[in-house]
Every structure is written in C-alpha cells, then in structure tokens.
Amino acid sequence: MKKGLILILFSLLVSGCSDRNNETTVSDETVENEQAAIQELSENDGSVVRETADYKGYVFVYNDVVIEIDSAADSVLEQLGEPNSYFEAPSCAFDGIDKIYTYNSFELDTYPLDGEDFISSVLFKDDTVTTMEGIGIGDSVEKLTETYGGDSIQENGMTVYCKDDMKLCFITEGDFVSSIEYKTTILDE
C-alpha cells in the first residue's frame, strides 16, 4: 500500500515538472474538421465566436480569443494571458509607446492612439497556428490561392489580401507559404 502511494505521488510530481509550453502540431484534417463543426454550429444557432460576419477584416483566433486588427488591445491581451516576452519603444508614428507581445506561436504588436492601445499586427512565428480560413506556414501557394482566391495584390514581395482597412500578408518561398502577417493600414494613408 505504501509503495503504491509513493509511486502515485512520484508520478504526480514528475508530471508537474513537464514543459507546459510544448505545443502540438495540428493536422490539416483536424483543422478542416474543426472548421466544418464551426460552420455547422454557425448555421444552426449563429452564436459561435468564430463567425467572421461580425468582425472587421480577416481575424486571427488563438485558443478561442478573437484577435481583430485595429481593435482595442486591452481585453485581447487580458484573454491571452502573460506573454513569453514584452518589448516597448517610443512610437515613430503616434504619440506614445509601441508595444510588442510575443507568445508561443505569434507576435502581437500595438500602437497608441488617444491614450489607448490598438492592435497593429499579428505575425506568425511557426506552423502550429493557422488563419481562420485554415492557411498556415508551410502550406502550398496552390492551397493559399484556392482558399483566398486570386483577388490579391503584390506588395514588397508579398501576396496581400485587403479587407476592411486591413491586410493579410503572405510571403512565399518557391511553392510554399513562409510567413503570415495580419497588418493595419492606418499608416498607409
């Protein structure tokens, strides 16, 4: 009995020391199944948080937190929790401080305006996250075009999809997506 109890306590102790920041890669099939389930739920009662009709531009969803470009950053940052790292610098374009929050799989940047911080960009860091439409780093250019269509512009070596005063930018190398970034157009004017 004592040995069993000691073994259980040791197992709990060892499992408590595991790295909680490890991320799992999700297969395309899992993403497609999740998107189908979201679509089905949306059609049934319209209450799913990921329904894009209620949001401006393309949005990024991470752990059920909706991240919308040019939206107030405070509530999003609170929902995301503690970042892995944080950096700030005086803003070149606005009065105040630009801030960079780095999480496991993406970086979120903010800009100050009228005493409040707004989301200026989200940059993917690896292939463990995808756009809400299912495109991630490493996907083919063919899949990108099938998903978003051919209505894009080429800007500074990027394939850019513009929607509601924001940009969804893809850098490709050869036939594959190598970088994804959601960006504000507030400084483009």
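Just so we're aligned, residue -1 is where the sequence shown starts under the working numbering, counting upward by one.
Just so you know, even glycine gets a beta-carbon here, dropped at the ideal spot from N, CA and C.
The structure presented is a predicted model; accordingly, all values stated were derived computationally and were not measured.
Per the coordinates, the alpha-carbon of ALA70 lies some 17 Å from the alpha-carbon of LYS165. Taking the Cβ atoms as the reference, PRO81 lies roughly 4 Å from TYR99, within the contact range of under 8 Å. Assignment of THR145 by DSSP, reduced to helix, strand and coil, places it in the helix class.
The criterion of a C-beta distance shorter than 7 Å is satisfied by VAL120 and PHE58.
For ALA71, the uninterrupted alpha helix (DSSP H) run begins and ends at 71 to 78, by DSSP. GLU140 is not bridged by DSSP to any residue. Contact between the segment 124 to 131 and the segment 52 to 67 is established, with three or more Cβ pairs separated by less than 8 Å. The beta carbon of LYS161 is closer than 8 Å to those of GLY55, TYR56 in its chain, skipping five residues each way along the sequence.
Counting the other Cβ atoms within 10 Å of the Cβ of ASP68 gives 16 or more, which makes it buried.
Within the model, the alpha-carbon separation for ASP112 versus VAL158 is close to 29 Å.
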